[in-house]
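**Q** Position in the sequence shown (first residue = 1) + 301 = this note's numbering.
Yeah, the Cβ is synthetic: ideal placement off N, Cα and C, and Gly gets one too.
Keep in mind it's a predicted model, so treat the numbers as computed, not measured.
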Amino acid sequence: MPFPNGSFDLVACCDVLEHVDSPREVVREVSRLLKPGGMFFYDTVNRTWFSKPAFIKIWQDWSFTRCCRENTHVWEKFIKPAELIAIMRVCGLVNREMKGIAPEKKNFPALLRHLRAIKSGRMRNEEMAVALRLSETGDLRLSYMGYAVRQIAG
302 MPFPNGSFDL VACCDVLEHV DSPREVVREV SRLLKPGGMF FYDTVNRTWF SKPAFIKIWQ
362 DWSFTRCCRE NTHVWEKFIK PAELIAIMRV CGLVNREMKG IAPEKKNFPA LLRHLRAIKS
422 GRMRNEEMAV ALRLSETGDL RLSYMGYAVR QIAG
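Structure, rendered in structure tokens:
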């Protein structure tokens, strides 16, 4: 990116890391752009057998609920939390907090209704997050968010 080293106090990477071919390169660039002590905020999708049907089959492949183009999500690009922590560590970032993102109530029929509403144009993606009452959780199986801090040299 066309910015000098240490240009920013904060960099956010939301719904990005699960789509790139090299998350290590992205995180390395984030670290380069951060000032020492700067914060990196992220959210991404965990590569689990729980996320595969949710993001690949239901959200993308199944014609009844398809809300995105084919190959928008590629399961092999999803990142396990331990993998992201290891990448950040190598790039000079120290993870400080990580939480899961999940519906407050596990209501599969409601999820299907909301996906159908998105598909038909009656609802936006952002509205589904509110309708499903997405919130912080200790369950990292689906997706997760957190922040890390750029190490201060010395």
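Please report the Cβ distance between Y448 and E384, rounded to the nearest whole angstrom; I am assuming they are in contact, meaning their Cβ atoms lie under 8 Å.
**A** About 17 Å separates the two Cβ atoms, so there is no contact after all.
**Q** Using only CA atoms, which one of I357, L394, T366 and V391 lies nearest to E377?
**A** I357
**Q** Taking the beta carbon of I453 as the centre, do at least 16 other beta carbons fall within 10 Å, making it buried, or is it exposed?
**A** exposed
**Q** Is DSSP giving A454 helix, strand or coil here?
**A** If DSSP states are grouped into helix, strand and coil, A454 belongs with coil.
**Q** What is the DSSP secondary structure of S332, reduced to helix, strand or coil?
**A** helix
**Q** So is F379 buried or exposed if we call it buried at 16+ other beta carbons inside 10 Å?
**A** Result: buried.
**Q** How many angstroms separate the CA atom of C368 from the CA atom of S308?
**A** Whole-angstrom Cα-Cα distance: 37 Å.
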